[in-house]
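Asks:
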Amino acid sequence: MVMEQLLFRLFNFVSPVSAGSRAVTPVFVQKGNDVVLDVIKANVPEKFILLVWKFNGSDVLVTYSPGGEPTVFEGVEFSVKNYSVKLKNLQKTDSRVYTARVTASQEKIVAEYNVTVQVSPVSLTVDSVSSSSDSCNITVTCRTQDSNISSTFRCVNQICEDEREKSKTTTSGTFLHVNLVNDSIICNHSNQVSWTTNTGQTKIQDFCQHDGKNERQDNQLMHSLNCNLLKISWVNGFVSYIFN
């Protein structure tokens, strides 16, 4: 243990780093899932002193010296055979850069991943409803954890259309789309690992009924469509790890 601690200090403060031309590999993971980060053994020297997995450049996940027992942090599994790590039950805060480094004659980066944990639940809510004897306008918002879009639908004599069908691609690469299908408002959200659809329990006509009254009560007009998901379809993403 004393020798390992000494080697660890040398690894962190003395050895020069050789990163070569290796690029950071992007990995997209659904929230709550596990991911395995591999090391290509051909990149690891046959005789090395210490291997360390870190995240964000400084926080240590695993330390391992050949012939000894690895030191592994909670929530992580480490393979002595191939030096891979398994990160379990990932959350949004686990979106980080993970790096594996070995120390031999010099320190060398042998694997580096930019892990993005994506969250897919999506909600659809009614923002406002205005109606007259023959027409009705309803504005809704399609919302995820980090983005949202709004759209207005107009109904005239019980015939509804989307005045401004909207789509949006966020900076993180997720896609939002809200539209009208068979008199139901549909909110779609997709990212690199999943696709989620949210439709309200109530169709648009339930907000735009015309029974001789010009206005409906406010508590009915602001009723949320986000009561139950009628359909949630997950499409698992597949990420290929390519090492140049």
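In mature numbering (1 follows the signal peptide of the UniProt record, and there is no 0), the protein residues as written are -19 to -1, 1 to 225.
All residues carry an ideal CB built from backbone N, CA and C; glycine is no exception.
1. Assign V110 to one of two classes, buried (16 or more other C-beta atoms within 10 Å of its C-beta) or exposed (fewer than that).
2. For N195, does the three-state DSSP call read helix, strand or coil?
3. Take the Cβ of K73 as the centre, count every other Cβ of all protein chains shown within 10 Å, and call the residue buried at 16 or more, exposed below.
4. Name the DSSP beta bridge partners of T150, please?
5. Does DSSP classify D187 as helix, strand or coil?
6. Is it a yes or a no for the region 118 to 138 touching the region 86 to 94, going by three-plus beta-carbon pairs under 8 angstroms?
7. Is the Cβ-Cβ distance between C123 and V100 less than 9 angstroms?
8. Quick one, which of V98, E142, R82, T155 has its alpha-carbon nearest I30's?
9. Pick helix, strand or coil for N14, following the three-state DSSP scheme.
10. Looking only at its chain, what residues have a beta carbon closer than 8 angstroms to the beta carbon of D15, apart from the 5 residues adjacent to it on each side?
11. Taking its Cβ as the centre, do 16 or more other Cβ atoms sit within 10 Å of K35, making it buried, or is it exposed?
12. Using three-state DSSP, classify N37 as helix, strand or coil.
13. What is the DSSP secondary structure of T125, reduced to helix, strand or coil?
14. Under the three-state reduction of DSSP, which class applies to K22: helix, strand or coil?
15. Pull up the distance between the alpha-carbon of V53 and that of L18, whole angstroms please.
16. Candidates I185, C136, V98: which alpha carbon is nearest Q126's?
17. Distance check for K28 and V155, CA to CA, integer angstroms please.
18. Assuming the contact rule is C-beta atoms closer than 8 angstroms, Q173 and F59 should be a hit. Round their C-beta distance to whole Å, please.
19. Excluding the 5 residues flanking G56 on each side, which residues of the same chain have their C-beta closer than 8 angstroms to its C-beta?
20. Whose CA, out of C189, I185, S175, lies closest to the CA of G13?
21. For T95, which residues in the same chain have their Cβ closer than 6 angstroms to its Cβ, ignoring the five residues on either side in sequence?
22. Out of L105, S76, E93, C189, which one is the CA nearest neighbour of S114?
23. Identify the residues that DSSP records as bridge partners of K67: which are they?
Replies: Looking at the atomic coordinates:
1. buried
2. Confidence in N195 is poor, its pLDDT being 37 and thus under 50, which makes the residue's placement unreliable; the coordinate value appears in the next sentence. Of the three classes helix, strand and coil, the one that applies to N195 here is coil, per DSSP.
3. exposed
4. Residue pairing of T150 in beta bridges, as defined by DSSP: F156.
5. helix
6. no
7. No; because the gap between Cβ atoms is not below 9 angstroms, this pair is not in contact.
8. Proximity to I30 across V98, E142, R82, T155 peaks at R82, based on C-alpha coordinates.
9. coil
10. K67, L68, K69, N70, L71
11. The Cβ neighbour count for K35, taken over all protein chains shown within 10 Å, is at least 16; the residue is labelled buried.
12. Here DSSP, grouped into helix, strand and coil, assigns N37 to coil.
13. coil
14. helix
15. 15 angstroms
16. Q126 has its Cα closest to that of V98, out of I185, C136, V98.
17. As written in the sequence, residue 155 is Thr, which differs from the Val given in the question. In this structure, the CA atom of T155 is about 44 angstroms from the CA atom of K28.
18. The distance from the Cβ of Q173 to that of F59 is about 26 angstroms, inconsistent with a contact at the 8 angstroms cut-off.
19. L68, K69, N70
20. S175
21. Here residue 95 turns out to be Asn, not Thr, going by the sequence shown. V5, P7, V78.
22. Answer by Cα proximity: C189.
23. V17, E58
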